[in-house]
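Each remark here refers to the structure printed beneath this line.
2 protein chains.
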Amino acid sequence: MQQGVITLQTPPAVFASACIGGGKEHAGPLGEMFDAFDATDTFDKPTWEQSESELQRRTLCKALSKAGLAETDVDILFAGDLINQCTGSAYGLLDFDIPFVGLYGACSTSAEGLALAALLSDKFPCAAVVTSSHNCAAERQFRFPIEYGGQRPPTAQWTVTAAGAFLVSAAQRGPRITEVLLGRSDDSGITDVNNMGAAMATAAADTLCRFFRETKTTPQDYDHIATGDLGAEGSSILRELLATEHITLGENYQDCGVRIYDRERQDMHAGGSGCGCGASVLAGDLLPRLSRGELKNVLYVATGALMSATSVQQGLAIPGIAHLLHLTSACKQGGR
Amino acid sequence: MQQGVITLQTPPAVFASACIGGGKEHAGPLGEMFDAFDATDTFDKPTWEQSESELQRRTLCKALSKAGLAETDVDILFAGDLINQCTGSAYGLLDFDIPFVGLYGACSTSAEGLALAALLSDKFPCAAVVTSSHNCAAERQFRFPIEYGGQRPPTAQWTVTAAGAFLVSAAQRGPRITEVLLGRSDDSGITDVNNMGAAMATAAADTLCRFFRETKTTPQDYDHIATGDLGAEGSSILRELLATEHITLGENYQDCGVRIYDRERQDMHAGGSGCGCGASVLAGDLLPRLSRGELKNVLYVATGALMSATSVQQGLAIPGIAHLLHLTSACKQGGR
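In order, the protein sequences belong to chains F and B.
Okay, so the first sequence: first residue is 1 according to our numbering, each after it adds one.
Okay, so the second sequence: first residue is 1001 according to our numbering, each after it adds one.
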């Protein structure tokens, strides 16, 4: 019998978080949540890849300064991003003298890192998790350089320029990670890189079904259920897939990619995507609301699409993955 | 005070391992250690990237069959590789219905995955770790397609076509992981992708110095010390760097990249490199010798170079990282 949902006996707290975004993210409906932004998206660096690294560096610095900690107070650093060989993380976090665990979970990295930080909180007293995406770095890698001006279909999502950083410790106060469920990779059958939401929806459905079945709960047992970046198309597919399993997602379900932009005013097609999408909404919106007790009981499901430009050119379908965290308010520990 | 070397209270066993290689690897001095090989390096697939995926799939199947286990007996799967977005792992392991944690540690992935599997062995009773590299997939991604026939300088290493798979459990018998030390990323200052050994040597030196200092041991306390893929150039730099810290690596130190090929007969310049280099030597040579009691006390340090082709083209230096495992014989548990 395979290990599924893991309940943390001493649920660690996500005791500090920070997010920094680009211009479009700051201009969106959640713009106020960012700790800082750069309207030029360059973050004072000469290449988009270096801009993304700088974004990670600044975001971790911000989380540490919010907590009043130095890098030497952090025992382990989990990080990853979307670009080739995760150089956004490798170069961005090079200045920090902290044992480094590189991850690749595409847009699921925030939940993957936080799950590992939580599961290892008995061995590493203080962990940091950082992830990012940058529109210009990701688009030229996975699709076309922005300067090419390619036309995007209605299902296309806009890679978010943002990073999220989190500090996790069982000894601190704050919103708790009470349960985690690691996802299984899933062949979506989708080959269209302009329809990432559809490619990840089956993985999100698999993880949520397993979670509700194992915990004997329903979506109505939670104040809020967030997926990381399915966008409008993917989240609508997720609702349909869960409905076939007799699980009804209500008004309490929202996708971070749908929330982060004003799709009409900002012309964002199916919404936001990228590691930085879910991560910044979690860091800047969900965790602060959990801290204040406005939310008590949240499921955060970060979804990732595990293809490369090469695998897509070779005609392979996009594998999806979704990792889940059950977060509870600082004001009400442990239960549902 | 940062958490450094972690001693596992219940040291888990690496109770099964497997390795599969390509033609050049089978023709090398350690050729007999491979469970299987394909002299064509294609593994019956139409592209090199798909060949690498197939290599991972077959190697995990082999490890499971050696242990007499099914995929449903495995609770968590750690995997990663060198190619863009780790598609070797994502596609190769898609058939396995096991919760999937994607890693990016370049050639340090074997030790990174085994360290996480060991540290989480109280939460996941059985973990699998898989990693690979493929010469043709890696060379066309990081340097030039093989067909181009570019000339290689003497410091260049040959990316190994091989995969290693490992099964870890605290409830099983076999060589134990008694201590782990996760590495810090390190700016080597090296910008030459044909001198990866030099780029990773500083990280290996940092990790080994920290380990010897914290555990108050010397290289002479171990039967064998292995680095993953520094090659001739990098391992010679490592010896020099440690000598400046008054640490002398003796005859018991060998680099897996130096051992895997006959450098003269096979014209392999500075030796082998790649995730599959250290992983296959660990799976096919070191662990079996630990199982038989021929080795009792081993340090395995897998080194990774965290650059991408893009970061190198942009003139950035190559960051290095090195994760360490202390392994003890099945016949002599726990101590040095």
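Ideal placement from N, C-alpha and C gives every residue a C-beta, glycine not left out.
Would you tell me roughly how many angstroms separate the C-alpha atoms of isoleucine 298 of chain F and leucine 181 of chain F, rounded to the nearest one? Position 298 of the first sequence, counted from the start, is the residue given in the question as residue 298 of chain F. Position 181 of the first sequence, counted from the start, is the residue given in the question as residue 181 of chain F. The amino acid occupying residue 298 of chain F in the given sequence is valine; isoleucine does not appear at that position. Spanning the two alpha carbons is a distance of roughly 14 Å.
Per-residue contacts from proline 319 of chain F into chain B (C-beta, under 7 Å): Here residue 319 of chain F refers to the residue found at position 319 of the first sequence. Within chain B, the residues near proline 319 of chain F are Ala1090, Tyr1091 and Leu1094.
Beta-carbon of methionine 200 of chain F versus every beta-carbon of chain B: anything under 8 Å? Looking up residue 200 of chain F in the first sequence gives position 200. Taking CB atoms only, methionine 200 of chain F has no neighbour in chain B less than 8 Å away.
Just checking, does the region 201 to 214 of chain F make contact with the region 281 to 288 of chain F on the three C-beta pairs under 8 Å criterion? Counting C-beta pairs closer than 8 Å gives fewer than three between the region 201 to 214 of chain F and the region 281 to 288 of chain F, which falls short of the contact rule.
Could you check what DSSP says for aspartate 35 of chain F in three-state terms: helix, strand or coil? Counting from 1 along the first sequence, the entry for residue 35 of chain F is found at position 35. In this structure, aspartate 35 of chain F counts as coil in the three-state DSSP scheme.
Taking aspartate 187 of chain F as the reference, which of F:Thr178, F:Ala201 and F:Lys123 has the closest Cα? The residue given as residue 187 of chain F occupies position 187 in the first sequence. Of the listed residues, the one whose Cα sits closest to aspartate 187 of chain F is F:Ala201.
Can you give me, in chain order, the residues of the region 125 to 136 of chain F that have a beta carbon less than 9 Å from any beta carbon in chain B? Within the region 125 to 136 of chain F, the qualifying residues are Pro125 and Cys126.
How is the beta strand (DSSP E) around aspartate 255 of chain F delimited, first residue to last? For this step, residue 255 of chain F is matched to residue 255 along the first sequence. Per DSSP, the unbroken beta strand (DSSP E) holding aspartate 255 of chain F starts and ends at 253 to 255.
Name the DSSP beta bridge partners of serine 17 of chain F, please? Numbered from 1 along the first sequence, position 17 holds the residue referred to as residue 17 of chain F. Paired residues: F:Phe166.
Per DSSP, threonine 1007 of chain B forms a beta bridge with which residues? Position 7 of the second sequence holds residue 1007 of chain B. According to DSSP, which records beta bridges pairwise, threonine 1007 of chain B is partnered with B:Glu1179.
Which residue or residues does DSSP assign as beta-bridge partners of phenylalanine 100 of chain F? To locate residue 100 of chain F, count along the first sequence from 1; it is residue 100. Note: phenylalanine 100 of chain F is bridge-paired with F:Leu77 in the DSSP secondary-structure output.
Ordered along the chain, which non-local residues of its own chain (more than five positions away) have a Cβ less than 6 Å from that of alanine 959 of chain B? With chain B represented from 1001 up to 1336, any question about residue 959 of chain B goes unanswered, as that position is not in the structure.
Report yes or no: do three or more beta-carbon pairs, one from the region 160 to 175 of chain F and one from the region 118 to 128 of chain F, lie closer than 8 Å? By the Cβ test, the region 160 to 175 of chain F is in contact with the region 118 to 128 of chain F, since at least three Cβ pairs between them sit closer than 8 Å.
Just to confirm, are alanine 1115 of chain B and leucine 1325 of chain B a CB contact at a threshold of 8 Å? One-based indexing of the second sequence puts residue 1115 of chain B at position 115. One-based indexing of the second sequence puts residue 1325 of chain B at position 325. Closer than 8 Å, so yes.
Residues that arginine 184 of chain F bridges to, as DSSP identifies them: On the first sequence, residue 184 of chain F is found 184 positions in, with the first residue counted as 1. Under the DSSP definition of a beta bridge, arginine 184 of chain F partners with B:Pro1099.
So, is alanine 270 of chain F buried or exposed, given that buried needs 16 or more other C-beta atoms within 10 angstroms? Residue 270 of chain F sits at position 270 when you count from the first residue of the first sequence. Label assigned to alanine 270 of chain F: buried.
What are the complete alpha helix (DSSP H) segments, minimum 4 residues, inside the region 1283 to 1309 of chain B? Entirely contained in the region 1283 to 1309 of chain B, the alpha helix (DSSP H) runs reaching 4 residues are, in chain order, 1287 to 1292.
Supposed contact pair glycine 1272 of chain B and isoleucine 1260 of chain B - C-beta distance, whole angstroms, cut 8 Å: In the second sequence, residue 1260 of chain B corresponds to position 260, counting from 1. In the second sequence, residue 1272 of chain B corresponds to position 272, counting from 1. 4 Å between Cβ atoms; contact.
Is the shortest distance between the beta-carbon of methionine 1196 of chain B and the beta-carbons of chain F less than 8 Å? As a first step, residue 1196 of chain B is located in the second sequence; it is residue number 196 there, counting from the start. Cβ-Cβ to chain F under 8 Å: no for methionine 1196 of chain B.
Grab the span of the alpha helix (DSSP H) containing tyrosine 201 of chain F for me, first residue to last. Along the first sequence, one-based indexing puts residue 201 of chain F at 201. Checking the displayed sequence, the identity of residue 201 of chain F turns out to be alanine instead of tyrosine. Unbroken alpha helix (DSSP H) run through alanine 201 of chain F: 196 to 215.
When the Cα atoms are used, what is the spatial distance from glutamine 313 of chain F to glycine 1092 of chain B? If you number the first sequence from 1, residue 313 of chain F lands on position 313. If you number the second sequence from 1, residue 1092 of chain B lands on position 92. Approximately 17 Å between the Cα atoms of the pair.
Candidates F:Thr131, F:Leu242 and F:Lys24: which alpha carbon is nearest glycine 113 of chain F's? As a first step, residue 113 of chain F is located in the first sequence; it is residue number 113 there, counting from the start. Answer by Cα proximity: F:Thr131.
Span of the alpha helix (DSSP H) holding glycine 315 of chain F? Start at 1 with the first residue of the first sequence, and residue 315 of chain F comes out as number 315. Judged by DSSP secondary structure, glycine 315 of chain F falls outside any alpha helix (DSSP H); it is assigned neither H nor E.
Sheet register partners of alanine 232 of chain F (DSSP bridge): For the purposes of this step, residue 232 of chain F is identified with residue 232 of the first sequence, where counting begins at 1. Beta-bridge pairing links alanine 232 of chain F to no other residue.
Using CA coordinates, which residue listed in F:Ala330, F:Thr310, F:Thr40 and F:Gly278 is at the minimum distance from cysteine 107 of chain F? Taking the first sequence and counting its residues from 1, the one referred to as residue 107 of chain F is at position 107. Minimum Cα distance to cysteine 107 of chain F is reached at F:Gly278.
C-beta contact flag for glutamine 151 of chain F and methionine 196 of chain F at 8 Å: Looking up residue 151 of chain F in the first sequence gives position 151. Looking up residue 196 of chain F in the first sequence gives position 196. Methionine 196 of chain F is positioned such that its CB atom lies no closer than 8 Å to that of glutamine 151 of chain F.
Interface partners of lysine 123 of chain F on chain B, CB under 8 Å: Start at 1 with the first residue of the first sequence, and residue 123 of chain F comes out as number 123. Those within 8 Å of lysine 123 of chain F in chain B are Gln1003, Ile1006 and Leu1119.
Pull up the distance between the alpha-carbon of glycine 1334 of chain B and that of alanine 1013 of chain B, whole angstroms please. Mapped onto the second sequence, residue 1334 of chain B falls at position 334. Mapped onto the second sequence, residue 1013 of chain B falls at position 13. Low per-residue confidence applies at glycine 1334 of chain B: pLDDT is 44, beneath 50, and the placement is therefore not dependable, though the value from the model is reported in the following sentence. The straight-line gap from Cα to Cα measures roughly 11 Å.
Residues bridged to leucine 325 of chain F (per DSSP): Mapped onto the first sequence, residue 325 of chain F falls at position 325. Per DSSP, the beta bridge partners of leucine 325 of chain F are F:Val180 and F:Tyr300.
Note down the Cα distance separating alanine 90 of chain F from proline 145 of chain F, rounded to an integer number of angstroms. The residue you call residue 90 of chain F lines up with position 90 of the first sequence. The residue you call residue 145 of chain F lines up with position 145 of the first sequence. Straight-line Cα distance between these residues: approximately 23 Å.
Quick one: using the 10 Å Cβ neighbour count with 16 as the cut-off for buried, is alanine 1009 of chain B buried or exposed? As a first step, residue 1009 of chain B must be located in the second sequence, where it is residue number 9. The displayed chain sequence assigns glutamine, not alanine, to residue 1009 of chain B. That one is exposed.
I'd like to check one pair, proline 1319 of chain B with serine 1110 of chain B: are the Cβ atoms closer than 8 Å? If you number the second sequence from 1, residue 1110 of chain B lands on position 110. If you number the second sequence from 1, residue 1319 of chain B lands on position 319. Their beta carbons are not under 8 Å apart, which means serine 1110 of chain B does not touch proline 1319 of chain B by this criterion.
In chain order, what residues of the same chain lie with their CB nearer than 8 Å to the CB of phenylalanine 1015 of chain B, ignoring the 5 residues before and after it? The residue given as residue 1015 of chain B occupies position 15 in the second sequence. These residues qualify, in order along the chain: Ala1067, Leu1167, Val1168, Ser1169, Gln1172, Arg1173 and Gly1174.
Is there a C-beta anywhere in chain B that falls below 8 Å from the one on aspartate 229 of chain F? By 1-based counting over the first sequence, the position of residue 229 of chain F is 229. Cβ-Cβ to chain B under 8 Å: no for aspartate 229 of chain F.
Among F:Val193, F:Thr178 and F:Asp229, the one whose alpha carbon lies nearest that of threonine 215 of chain F: Walking along the first sequence from the start, residue 215 of chain F turns up at place 215. In terms of Cα proximity to threonine 215 of chain F, the closest of F:Val193, F:Thr178 and F:Asp229 is F:Thr178.
Looking at asparagine 1051 of chain B: is its Cβ nearer than 8 Å to the Cβ of threonine 1042 of chain B? Within the second sequence, numbered from 1, the residue matching residue 1051 of chain B stands at position 51. Within the second sequence, numbered from 1, the residue matching residue 1042 of chain B stands at position 42. Before going on, a small fix: residue 1051 of chain B reads as serine here, not asparagine. It is a contact, given that the beta carbons lie within the stated cut-off.
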